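Data block below; observations after.
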């Protein structure tokens, strides 16, 4: 089990093409921890904006009567992938990991697999 800081560091170092990562509380929209980002990627703004994305998808699923869980949400840009992974497990509900990847350097399938493993080991 790893803490937030360790998990964010592992994400940035082990996932090829990682540009920035945040652990976000989607009840408040606040980032509980961030690493990476920069002038072109404000992780605080991204945390708040992606909270709206998660809330909208949860609401839509409720309206559709879907009784399933969101595993992750992928947003594909011209030069980046943005991956939102909802966390599951005791003490993790209401949280998601947000990962921005450089599309030219990242392997999306591997990034999803590695982020799932990091999420499983994260103790909040």
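In the working numbering, the protein residues as written are -3 to 120. Idealized CB from N, CA, C, for every residue including glycine. Fair warning: this is a prediction, and the values are worked out from it, not measured in the lab.
Nearest-angstrom Cα separation, counted from residue j out to residue i
i, j, result
"residue 91", "residue 64", "17 Å"
"residue 81", "residue 112", "8 Å"
"residue 76", "residue 96", "7 Å"
"residue 4", "residue 100", "21 Å"
"residue 118", "residue 10", "15 Å"
Identified DSSP bridge partners for residue i
i, result
"residue 30", "18"
"residue 72", "77"
"residue 82", "92"
"residue 39", "Residue 39 pairs with nothing; no bridge assigned."
Cβ-based neighbour list, residue i, same chain, cut-off 6 Å, excluding 5 preceding and 5 following
i, result
"residue 98", "13 and 15"
Where residue i falls: helix, strand or coil (DSSP)
i, result
"residue 48", "helix"
"residue 97", "strand"
"residue 24", "coil"
"residue 104", "helix"
Residue i CB to nearest heavy atom of the ligand SAM below 8 Å
i, result
"residue 40", "You won't find the ligand SAM in this model; it holds no ligand whatsoever."
Close beta carbons around residue i, own chain, < 7 Å, minus the five adjacent residues each side
i, result
"residue 51", "22"
"residue 114", "3, 6 and 7"
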